[in-house]
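Encoded as structure tokens, the structure appears first; notes follow it.
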Amino acid sequence: MTTRPYIVGNWKMHGTRAMLAEARAIDRAAERLLKVEVAIAPPFTLIHATRKEATLIAIGAQDCHPADGGAHTGDISAAMVKDAGAGFTIVGHSERRANHGESNELVKRKAHAAIDAGMSVIVCVGETEAERDSGKAASVVTRQLNGSLPDGDEVADKVTVAYEPVWAIGTGRTPTPDDIADMHRHIRKVLEKAYGDAGSEVRILYGGSVKPENAAELLSADEVGGALVGGASLSAESFLGIIMAAAEDERE
Ligand code: PEP
């Protein structure tokens with residue numbers, strides 16, 4: 086199993102070309118932090134320019150359409166984001182599931198489209214607060230994984246899972262490291278069932294209010310292979326604080 090932590094910044098609907106300075110600063114610093122794999126998923130409009138500014142880190146998209154092309158006004162296909170410079174795409178983020186009614190079945194089709202286009206995918210899952218409070222977190226996450234993960238052992242090396250409890254996203258609240266470890270161990274079992282031995286190699290990221298101040302503690306939880314970071318990825322200073330915490334946490 087790869088031990089290099091994977092720290093991914095999700096810029097969401099933030100950023101005009103002025104943000105390219107942050108990408109450049111992150112990329113320059115990443116050169117000195119090679120123990121960590123660093124990526125940014127800017128909005129579609131900045132993928133090409135960010136790819137040109139940042140030569141070391143990975144650049145990805147936040148979503149793609151499942152179709153190759155056609156009459157889908159306002160949508161972007163996997164081949165298009167790949168052509169713009171994306172090496173991966175996030176699929177199934179809870180904001181897309183909530184704001185755009187994305188089903189597990191649609192997330193799976195998007196994941197297959199991205200892989201067919203030559204990218205890897207970060208498949209996001211996570212329970213709401215009501216689901217956690219009613220003891221359903223594990224069953225909700227299992228259902229999301231079984232419905233959203235792309236099929237076939239041969240695609241496992243293209244898949245990363247991000248566990249992002251909905252109630253922790255952008256709220257400043259986080260699960261305890263023990264709760265994160267419990268869920269990540271559960272996700273590992275689901276991955277091994279889905280992909281066999283290859284499931285033990287799939288990286289599982291934690292996402293939800295990761296900041297420089299809590300990164301070391303959250304990243305040290307069992308089975309946490311990195312972090313998906315929203316708000317704290319928008320400035321090079323705070324994102325680099327998380328990347329440095331990950332560099333120190335590197336497990337042999
Ligand atoms: C996210 O939206 O993927 C996320 C983890 O956001 P934040 O870090 O701001 O909670």
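If you count the sequence shown from 1, position 34 lands on 119 in the working numbering, and the numbers rise without skipping. In this text, a Cβ means the ideal position worked out from N, Cα and C, and glycines have one as well.
{"Check": "Ligand 1 and serine 294: does the residue's C-beta get closer than 7 Å to at least one heavy atom of that ligand?", "Outcome": "yes"}
{"Check": "Helix, strand or coil for arginine 89? Go by DSSP, reduced to three states.", "Outcome": "coil"}
{"Check": "Could you spell out where the alpha helix (DSSP H) holding arginine 117 opens and where it closes?", "Outcome": "Taken as a continuous stretch (DSSP letters only), arginine 117 belongs to no alpha helix (DSSP H), as it is neither H nor E."}
{"Check": "Could you work out which residue in Tyr280, Pro262 and Ala247 is closest to aspartate 174 when comparing CA atoms only?", "Outcome": "It is threonine, not aspartate, that sits at residue 174 in the sequence shown. Among Tyr280, Pro262 and Ala247, the Cα nearest to that of threonine 174 is on Ala247."}
{"Check": "Please determine whether the Cβ atom of valine 208 lies at a distance below 7 Å from any heavy atom of ligand 1.", "Outcome": "no"}
{"Check": "For isoleucine 111, is the beta carbon positioned less than 7 Å from some heavy atom of ligand 1?", "Outcome": "no"}
{"Check": "Which residues mark the beginning and the end of the alpha helix (DSSP H) in which glycine 232 is found?", "Outcome": "222-233"}
{"Check": "Using only alpha-carbon positions, find the residue among Val244, Ser285 and Glu302 that is nearest to serine 294.", "Outcome": "Glu302"}
{"Check": "For aspartate 153, which residues in the same chain have their Cβ closer than 7 Å to its Cβ, ignoring the five residues on either side in sequence?", "Outcome": "Ser162 and Ala164"}
{"Check": "In the DSSP assignment, what residue or residues form a beta bridge with phenylalanine 173?", "Outcome": "Gly145 and Ser205"}
{"Check": "Just to confirm, are histidine 133 and alanine 103 a CB contact at a threshold of 8 Å?", "Outcome": "no"}
{"Check": "For arginine 258, count the other beta carbons within 10 Å of its own beta carbon; 16 or more makes it buried, fewer makes it exposed. Which is it?", "Outcome": "exposed"}
{"Check": "I need the boundaries of the beta strand (DSSP E) containing threonine 245, first residue and last residue.", "Outcome": "244-248"}
{"Check": "Measuring only from the beta carbon, is alanine 253 closer than 7 Å to any heavy atom that is part of ligand 1?", "Outcome": "yes"}
{"Check": "How many angstroms separate the CA atom of isoleucine 409 from the CA atom of phenylalanine 324?", "Outcome": "One cannot answer for residue 409 here, as it falls past the ends of the chain, which runs 86 to 337."}
{"Check": "Any heavy atom of ligand 1 inside 7 Å of the beta-carbon of asparagine 95?", "Outcome": "yes"}
{"Check": "Kindly list the residues whose CB is nearer than 8 Å to the CB of leucine 193, restricted to its own chain and excluding five residues on each side of it in sequence; keep chain order.", "Outcome": "One point to set straight first is that residue 193 is lysine, not leucine, in the sequence displayed. If we look at lysine 193 and ignore the five residues flanking it on each side, its Cβ neighbours are Gly232, Ser233, Leu234, Pro235 and Asp236."}
{"Check": "Please state whether the Cβ-Cβ distance between serine 305 and asparagine 95 is less than 8 Å.", "Outcome": "no"}
{"Check": "Between which two residues does the beta strand (DSSP E) carrying glycine 311 extend?", "Outcome": "311-314"}
{"Check": "Here's the rule: buried if 16 or more other CB atoms are within 10 angstroms of the residue's CB, otherwise exposed. What is alanine 274?", "Outcome": "Reading off the sequence shown, one finds lysine at residue 274, where the question assumed alanine. Exposed, by the Cβ-count rule."}
{"Check": "Whole angstroms are fine: how far does the CA of glycine 186 sit from the CA of lysine 97?", "Outcome": "17 Å"}
{"Check": "Just to confirm the assignment, what range does the beta strand (DSSP E) spanning leucine 290 have?", "Outcome": "288-292"}
{"Check": "Is glutamate 300 near ligand 1, going by C-beta to nearest heavy atom under 7 Å?", "Outcome": "The sequence as given places alanine at residue 300; glutamate does not occur at that position. Alanine 300 Cβ: outside cutoff for every heavy atom of ligand 1."}
{"Check": "Starting from the Cα of methionine 268, find the closest Cα among Ile125, Val226 and Ile328 and give me that residue.", "Outcome": "Val226"}
{"Check": "Using a threshold of 8 Å, state whether the C-beta atoms of alanine 196 and valine 206 are closer than that.", "Outcome": "yes"}
{"Check": "Could you name the residues that DSSP lists as bridge partners for alanine 134?", "Outcome": "The partner list for alanine 134 (beta bridge, DSSP) is empty, contrary to what the question assumes."}
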